[in-house]
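Residue 1318 is where the sequence shown starts when you use my numbering, and the numbers rise one by one after that. Ideal placement from N, C-alpha and C gives every residue a C-beta, glycine not left out. For reference, the structure discussed in these notes is given below.
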Amino acid sequence: MSTVLLAVAILALLCLASGALLGYAAVRLKVEGDPVAEQINALLPQTQCGQCGYAGCKPYAQAIAEGDAINKCPPGGAATIAALADLLDVEPQPLDAAEETPPRVAYIREAECIGCTKCIRACPVDAIVGAARLMHTVIVDECTGCDLCLEPCPVDCIEMRDLPVSITDWKWPLPDTRLIASDREQAA
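Right, dumping it as structure tokens:
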């Protein structure tokens, strides 16, 4: 019985010593993060889609903290740009896109889907639901239109479609030309 107690005591002392060593190492070797980059990262949509040109939201947040432009995040849109501009105390800029495109979402042609689950694993925001060997579908409200689900699909049953315009996101088109009061006489 005494050998069992001795073994338990030795094991307890080893656990206590290793716990103290780990606690000391955690305090002594602590890695300090950039608090500004962390605040920026909290404002980004966390889709990890790579549309900004970086591998994910955290590298883009680090680049913004180092002085990169704040307008490269299509999934975040104007709301994210405005929040970043407010945080960094800079002027908000329009979204840096080659051309203004309407928001798009993935659409799975369910009759062609073989249920391989490759698109589910590729989706960074879990907007695709389904199970192995069963049809999959896209949750439209969750999809950011990042296109990451298109490439892994072995049967090409996923396509990107424009979101239909609804009353909540419709914008009145501005006229192409503007006349000022002094131009009225010349235009007539």
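When DSSP states are grouped into helix, strand and coil, D1479 belongs to the strand group.
In this structure, DSSP gives I1425 an extended state, which the three-state scheme calls strand. In chain order, Y1377, A1380 place their CB closer than 7 Å to the CB of Y1371, counting only its own chain and leaving out the 5 sequence neighbours on each side. T1320 sits exposed, since fewer than 16 C-beta atoms from the chains shown fall within 10 Å of its C-beta. T1461 is positioned such that its CB atom lies no closer than 8 Å to that of V1482. Residue environment for A1444: buried (at least 16 other C-beta atoms within 10 angstroms of its C-beta). Per DSSP, the unbroken alpha helix (DSSP H) holding R1345 starts and ends at 1319 to 1345. For Q1410, no alpha helix (DSSP H) encloses it, and the DSSP letter there is neither H nor E. The beta carbon of T1397 lies closer than 7 Å to those of L1360, L1361, P1362, C1390 in the same chain, with the five residues before and after it left out. Under the three-state reduction of DSSP, V1348 is assigned to coil, being neither helix nor strand. Rounded to whole angstroms, the separation of the alpha carbons of L1331 and E1383 is 45 Å. Taking C-beta atoms under 8 Å as the contact rule, I1431 and L1405 fail to qualify, at a distance of about 46 Å. Between L1412 and A1395, the CB-CB gap stays under 8 Å. Spatial neighbours of A1402 in its own chain (CB-CB distance under 7 Å, excluding positions within 5 residues in sequence) are listed in chain order as I1387, E1408, P1409. Going by DSSP, G1384 is part of no alpha helix (DSSP H) at all; its letter is neither H nor E. Judged by DSSP in its simplified three-state form, V1455 adopts strand. Remark: C-beta atoms of T1364 and C1433 do not approach each other more closely than 8 Å.
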